[in-house]
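Written out below as structure tokens is the structure these notes cover.
Protein chains: 2
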Amino acid sequence: MIITKRIQMAKIIDGTQIANDIRNELKVKIDKWIQEGHRPPQLTAVLIGSDPASCTYVKNKMKAAVEVGINSITKNLSPDITEEELLQVIDDLNNDDSVDGILVQLPVPGHINERRICNSVSCDKDVDGFNEKNVGRLCLDMNTLVPCTPLGVQELIRRVGVDTFGKNAVVVGRSKNVGMPIAMLLHADGRNDTCAMDATVTICHRFTPPEELKRYCKLADIIVTATGVPGLIKADMIKPGACVIDVGLTRIVNEATGKAKLVGDVDFEGVRQVAGHITPVPGGVGPMTVTMLMKNTFIASKNLAKKSLPKNEVEKVRQGTEQGNQNKNKKN
Amino acid sequence: MIITKRIQMAKIIDGTQIANDIRNELKVKIDKWIQEGHRPPQLTAVLIGSDPASCTYVKNKMKAAVEVGINSITKNLSPDITEEELLQVIDDLNNDDSVDGILVQLPVPGHINERRICNSVSCDKDVDGFNEKNVGRLCLDMNTLVPCTPLGVQELIRRVGVDTFGKNAVVVGRSKNVGMPIAMLLHADGRNDTCAMDATVTICHRFTPPEELKRYCKLADIIVTATGVPGLIKADMIKPGACVIDVGLTRIVNEATGKAKLVGDVDFEGVRQVAGHITPVPGGVGPMTVTMLMKNTFIASKNLAKKSLPKNEVEKVRQGTEQGNQNKNKKN
Numbered sequence: 001m002i003i004t005k006r007i008q009m010a011k012i013i014d015g016t017q018i019a020n021d022i023r024n025e026l027k028v029k030i031d032k033w034i035q036e037g038h039r040p041p042q043l044t045a046v047l048i049g050s051d052p053a054s055c056t057y058v059k060n061k062m063k064a065a066v067e068v069g070i071n072s073i074t075k076n077l078s079p080d081i082t083e084e085e086l087l088q089v090i091d092d093l094n095n096d097d098s099v100d101g102i103l104v105q106l107p108v109p110g111h112i113n114e115r116r117i118c119n120s121v122s123c124d125k126d127v128d129g130f131n132e133k134n135v136g137r138l139c140l141d142m143n144t145l146v147p148c149t150p151l152g153v154q155e156l157i158r159r160v161g162v163d164t165f166g167k168n169a170v171v172v173g174r175s176k177n178v179g180m181p182i183a184m185l186l187h188a189d190g191r192n193d194t195c196a197m198d199a200t201v202t203i204c205h206r207f208t209p210p211e212e213l214k215r216y217c218k219l220a221d222i223i224v225t226a227t228g229v230p231g232l233i234k235a236d237m238i239k240p241g242a243c244v245i246d247v248g249l250t251r252i253v254n255e256a257t258g259k260a261k262l263v264g265d266v267d268f269e270g271v272r273q274v275a276g277h278i279t280p281v282p283g284g285v286g287p288m289t290v291t292m293l294m295k296n297t298f299i300a301s302k303n304l305a306k307k308s309l310p311k312n313e314v315e316k317v318r319q320g321t322e323q324g325n326q327n328k329n330k331k332n
Numbered sequence: 001m002i003i004t005k006r007i008q009m010a011k012i013i014d015g016t017q018i019a020n021d022i023r024n025e026l027k028v029k030i031d032k033w034i035q036e037g038h039r040p041p042q043l044t045a046v047l048i049g050s051d052p053a054s055c056t057y058v059k060n061k062m063k064a065a066v067e068v069g070i071n072s073i074t075k076n077l078s079p080d081i082t083e084e085e086l087l088q089v090i091d092d093l094n095n096d097d098s099v100d101g102i103l104v105q106l107p108v109p110g111h112i113n114e115r116r117i118c119n120s121v122s123c124d125k126d127v128d129g130f131n132e133k134n135v136g137r138l139c140l141d142m143n144t145l146v147p148c149t150p151l152g153v154q155e156l157i158r159r160v161g162v163d164t165f166g167k168n169a170v171v172v173g174r175s176k177n178v179g180m181p182i183a184m185l186l187h188a189d190g191r192n193d194t195c196a197m198d199a200t201v202t203i204c205h206r207f208t209p210p211e212e213l214k215r216y217c218k219l220a221d222i223i224v225t226a227t228g229v230p231g232l233i234k235a236d237m238i239k240p241g242a243c244v245i246d247v248g249l250t251r252i253v254n255e256a257t258g259k260a261k262l263v264g265d266v267d268f269e270g271v272r273q274v275a276g277h278i279t280p281v282p283g284g285v286g287p288m289t290v291t292m293l294m295k296n297t298f299i300a301s302k303n304l305a306k307k308s309l310p311k312n313e314v315e316k317v318r319q320g321t322e323q324g325n326q327n328k329n330k331k332n
């Protein structure tokens, strides 16, 4: 007698497809915005030096901008630029009414203080959400520009239809651009402006002992991992049916063939046999990050248009356009 | 034969005593600061209306200020003050070089936007740590004025000598003034400016199901609860030897006698038979909050003194005085 054990494989979350859907929706909204008489949203990327990875990232962002109807410019600056000169460039962009979103591609060269640069971007144009004031607003659940990767993770979970309300979630990694804001969006109150997800959230990190990491993951209905440690999350750490979002992105070179490939934090082949939903790497969170940058640029553009109007005109515009993070989580 | 089961009772954390110790240390430092030729630190409280609880809180703060050598003034304002008038009062205090710390007693009357008021206090004088920019800095582990209750909880845990590095902690309650910043100080990287505590942290809240709350608490080496739900944390939820910090403070009136008493979130008599350390209510976290306000005022005072010096004098002052949050967590 042959016993066949049927394994129910996880549904693979197609980040590329979902990101495309959102870009198509955005394109429709932006076209409508332009038809209503507004100029196209405008995104300026500031790229310092010629690091190949940074150049590729910026190029991909600019390509996505064109696709959705956002005008974009890349300002290429010398790697020898001084901090003061860079601050002046950003200040000029802050004061330029034709610019809606400013993106300073990180990392900046070592002689420049990254935090000072992030804080110098006007909060209204801070489409990366890295200004410390915008970070504060996010952590207070206030309407703000949310960093793109956390926003993309939130959107993925929502579009896949995974329930988070009162569920157990684990965030692995406590980086300030990814892990921390994701923990904020997962645990906080869905009735507030960030439409957070009301999960019970455990933040694990490099000092969480492996057996404790396993214990917390085993309890989790949702796992978001962002560590850059390939293979960290294994099948025996997963609660059957859990939703596993892999933000990790590590380039691994096969020494024999010399070929490189990108991998996440999750042992994909193992985990997909236990989980209910799983993101692939690449093709999961990555495309969402770029798409959320487009969403943020459009939000910034609408907010700035409102600000430049006389007060009695603001209400009309508000009624006619979408607000950032408008769709409040309904409790039921 | 009589079998005696010996119960090892938790060590009660004497918040009043620890707060007194810190005030004595502060007084010595402030005396020295004044002997070095600086004027005494100055704290201005803004009290709107005459709510009895608010009046008592402010009075206690002013009393503590006198004890440690901080000059203090209470500005009593009419409950009918407009938001614009209040903003003007705060702006005047921001621009007054004789004022180091500004404390707006919350809550403000309903016709005034609390968030707008908190944000109007200069970040340098924001001794409550409620300005959104300071919240952002805290969440980024940067040097800032940390809200007094979270800072007091951190200091209590440290002074009691409870190890947090890589340990399991639970924060019950996700309020923005208490739960959220405590979760930040507990989970983040001890090598950064906030000297955070490197614990694995689970944030539980009103939508965490009771059985899950129990499960997470049972795993925790440290529990910090701040919900205002009396009796929420019971003996059967505690890991033997855990450290239990009770930030809850609820006034309960005995209907028969009409007498009122203050209680926390923890079933004290039950939990003390399981825990290793426990804070009483009152006499635990409460006295620490007021003391941390004094600490913040002195930090603000020193920072402002440094700012007003010519640059070449700053180094001398820095060498002679303590920095806020100076004692970095050493890894071992």
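Just so you know, the protein sequences line up as chains A and B, in that order. Okay, so the first sequence: first residue is 1 according to UniProt numbering, each after it adds one. Okay, so the second sequence: first residue is 1 according to UniProt numbering, each after it adds one. Where a beta carbon is used, it is the ideal one built from N, C-alpha and C, also for glycine.
Compute the distance between the beta-carbons of residue 131(A) and residue 123(A), then report whether it is under 7 angstroms. Looking up residue 131(A) in the first sequence gives position 131. Looking up residue 123(A) in the first sequence gives position 123. The answer is yes: Cβ separation under 7 angstroms.
List the whole-angstrom C-beta distance separating residue 227(A) from residue 266(A), where the pair is believed to meet the contact cut-off of C-beta under 8 angstroms. Numbered from its first residue, the first sequence carries residue 227(A) at position 227. Numbered from its first residue, the first sequence carries residue 266(A) at position 266. With a Cβ gap of about 10 angstroms, residue 227(A) and residue 266(A) do not count as contacting.
Quick one: which unbroken beta strand (DSSP E) runs of 3-plus residues sit fully inside the stretch 179-234 of chain A? Chain order, please. 200-204 and 222-225
At a Cβ cut of 7 angstroms, what residues of the stretch 85-113 of chain B count as close to chain A, listed as they run along the chain? none
Whole angstroms is fine: what's the gap from residue 80(B)'s alpha carbon to residue 117(B)'s? Counting from 1 along the second sequence, the entry for residue 80(B) is found at position 80. Counting from 1 along the second sequence, the entry for residue 117(B) is found at position 117. Distance between the alpha carbons of residue 80(B) and residue 117(B): 15 angstroms.
Measuring CB to CB, does residue 73(A) end up less than 7 angstroms from residue 120(A)? The residue you call residue 73(A) lines up with position 73 of the first sequence. The residue you call residue 120(A) lines up with position 120 of the first sequence. No, the Cβ-Cβ distance between residue 73(A) and residue 120(A) is not below 7 angstroms.
Assess, as a yes-or-no matter, whether the stretch 175-189 of chain A is touched by the stretch 134-145 of chain A under the definition of 3 or more beta carbon pairs within less than 8 angstroms. yes
Taking the DSSP output, what are the residues bridged to residue 364(A)? The structure shown does not extend to residue 364(A), since chain A is modelled only from 1 through 332, so no value can be given for it.
Can you tell me the Cα-Cα spacing of residue 334(B) and residue 276(A), whole angstroms? This structure cannot speak to residue 334(B), because chain B is shown only from 1 to 332.
Endpoints, the beta strand (DSSP E) within which residue 104(B) is located: For the purposes of this step, residue 104(B) is taken as residue 104 along the second sequence, with counting starting at 1. Note, residue 104(B): beta strand (DSSP E), 101-104.
Proximity winner among 29(A), 293(A) and 308(A), relative to residue 153(A) (alpha-carbon distances): Here residue 153(A) corresponds to residue number 153 of the first sequence, with the count starting at 1. For residue 153(A), the nearest C-alpha among the options comes from 293(A).
Cut-off 7 angstroms between Cβ atoms - residues of its own chain near residue 216(B), not counting five sequence neighbours on either side: Residue numbering aside, residue 216(B) sits at position 216 when the second sequence is read from its first letter. Taken in chain order, the residues that qualify are 170, 202 and 204.
Would you verify that the beta carbon of residue 132(B) is, or is not, closer than 7 angstroms to some beta carbon of chain A? Translated into positions along the second sequence, residue 132(B) becomes position 132. Yes, its Cβ sits closer than 7 angstroms to a Cβ of chain A.
Scan the stretch 166-180 of chain B for residues whose Cβ lies nearer than 7 angstroms to a Cβ of chain A and list them as they occur along the chain. 166, 168, 174, 176 and 180
Count Cβ pairs between the stretch 255-270 of chain A and the stretch 226-243 of chain A that sit closer than 8 angstroms; are there 3 or more? yes
Measure the beta-carbon distance from residue 133(B) to residue 99(B) and round it to whole angstroms, keeping in mind my assumption that it falls under 8 angstroms. Along the second sequence, one-based indexing puts residue 133(B) at 133. Along the second sequence, one-based indexing puts residue 99(B) at 99. Contact doesn't hold; Cβ gap of about 19 angstroms is too wide.
Consult DSSP for residue 126(A) and reduce its assignment to one of helix, strand or coil. Position 126 of the first sequence, counted from the first residue, corresponds to residue 126(A). Strand, per DSSP.
In whole angstroms, what separates the C-alpha of residue 332(A) from that of residue 243(A)? Stepping through the first sequence from its first residue, residue 332(A) is reached at position 332. Stepping through the first sequence from its first residue, residue 243(A) is reached at position 243. In this prediction, residue 332(A) has a pLDDT of 30, which is less than 50 and means its spatial position is unreliable; what the coordinates show is noted afterwards. C-alpha separation (whole angstroms): 22 angstroms.
Going by DSSP, what residue range makes up the alpha helix (DSSP H) through residue 333(A)? Lying outside 1 to 332, the shown extent of chain A, residue 333(A) is not represented and no answer is given.
How close, in whole Å, do the beta carbons of residue 230(A) and residue 252(A) come, if the pair is a contact with beta carbons under 8 angstroms? As a position in the first sequence, residue 230(A) is number 230, starting the count at 1. As a position in the first sequence, residue 252(A) is number 252, starting the count at 1. Indeed, because the Cβ distance is near 7 angstroms, the residues count as touching under 8 angstroms.
According to DSSP, is residue 306(B) helix, strand or coil? Start at 1 with the first residue of the second sequence, and residue 306(B) comes out as number 306. Residue state, collapsed to three classes: helix.
Mind listing the chain A neighbours of residue 188(B)? Cutoff is C-beta to C-beta under 7 angstroms, in chain order. Reading the second sequence from its first residue, position 188 is the one you call residue 188(B). What residue 188(B) touches in chain A: 174.
Say yes only if the C-beta of residue 172(A) is nearer than 6 angstroms to one or more non-hydrogen atoms of the ligand MG, and no if none qualify. The ligand MG is absent from the structure shown, which contains no ligands of any kind.
Alpha carbon to alpha carbon, how far is residue 23(A) from residue 333(A)? Give it in angstroms, no decimals. Absent from the structure is residue 333(A), since the part of chain A shown begins at 1 and ends at 332.
Taking DSSP as the reference, what is the three-state secondary structure of residue 94(B)? Along the second sequence, one-based indexing puts residue 94(B) at 94. Looking at residue 94(B) - three-state DSSP - the assignment turns out to be helix.
Label residue 56(B) either buried or exposed according to how many other C-beta atoms from any shown protein chain fall within 10 Å of its C-beta, with 16 as the threshold for buried. Counting from one through the second sequence, the residue named residue 56(B) turns up at place 56. Label assigned to residue 56(B): exposed.
At a Cβ threshold of 7 angstroms, is residue 209(B) touching chain A? As a position in the second sequence, residue 209(B) is number 209, starting the count at 1. Yes, contact with chain A.
Limits of the unbroken alpha helix (DSSP H) element including residue 117(B): On the second sequence, position 117 is the one that residue 117(B) refers to. Residues 114-120.
Kindly indicate which residue of 65(B), 245(B), 103(B) and 11(B) has the alpha-carbon position closest to the one of residue 47(B). Residue mapping note: residue 47(B) aligns to position 47 of the second sequence, counting from 1. Minimum Cα distance to residue 47(B) is reached at 103(B).
Mind listing the chain A neighbours of residue 13(B)? Cutoff is C-beta to C-beta under 7 angstroms, in chain order. Locating residue 13(B) in the second sequence gives position 13, counting from the first residue. Under the 7 angstroms cutoff, chain A gives no residues; its nearest Cβ is about 24 angstroms from residue 13(B).
Chain B contact for residue 157(A) (CB, 7 angstroms cutoff): Here the question's residue 157(A) lines up with position 157 in the first sequence. No, its Cβ sits nowhere closer than 7 angstroms to a Cβ of chain B.
What is the rounded straight-line gap between the Cα of residue 273(A) and the Cα of residue 248(A)? By 1-based counting over the first sequence, the position of residue 273(A) is 273. By 1-based counting over the first sequence, the position of residue 248(A) is 248. So the alpha carbons of these two residues sit roughly 20 angstroms apart.
Could you give the residue range of the beta strand (DSSP E) that holds residue 261(A)? Mapped onto the first sequence, residue 261(A) falls at position 261. Segment 260-263, the beta strand (DSSP E) holding residue 261(A).
Between residue 279(A) and residue 13(A), how many whole angstroms is the CB-CB distance? I'm expecting something under 8 angstroms. In the first sequence, counting from the first residue as 1, residue 279(A) sits at position 279. In the first sequence, counting from the first residue as 1, residue 13(A) sits at position 13. Yes, they are in contact, since the Cβ atoms of residue 279(A) and residue 13(A) sit about 5 angstroms apart, within 8 angstroms.
Taking the C-alpha atoms as reference points, what is the distance between residue 261(B) and residue 155(A)? Translated into positions along the second sequence, residue 261(B) becomes position 261. Translated into positions along the first sequence, residue 155(A) becomes position 155. Rounded to whole angstroms, residue 261(B) to residue 155(A) spans 47 angstroms at the Cα level.
Less than 7 angstroms between CB atoms is the rule here; does residue 123(A) satisfy it with respect to chain B? For the purposes of this step, residue 123(A) is taken as residue 123 along the first sequence, with counting starting at 1. Answer no: the Cβ-Cβ gap between residue 123(A) and chain B never drops below 7 angstroms.
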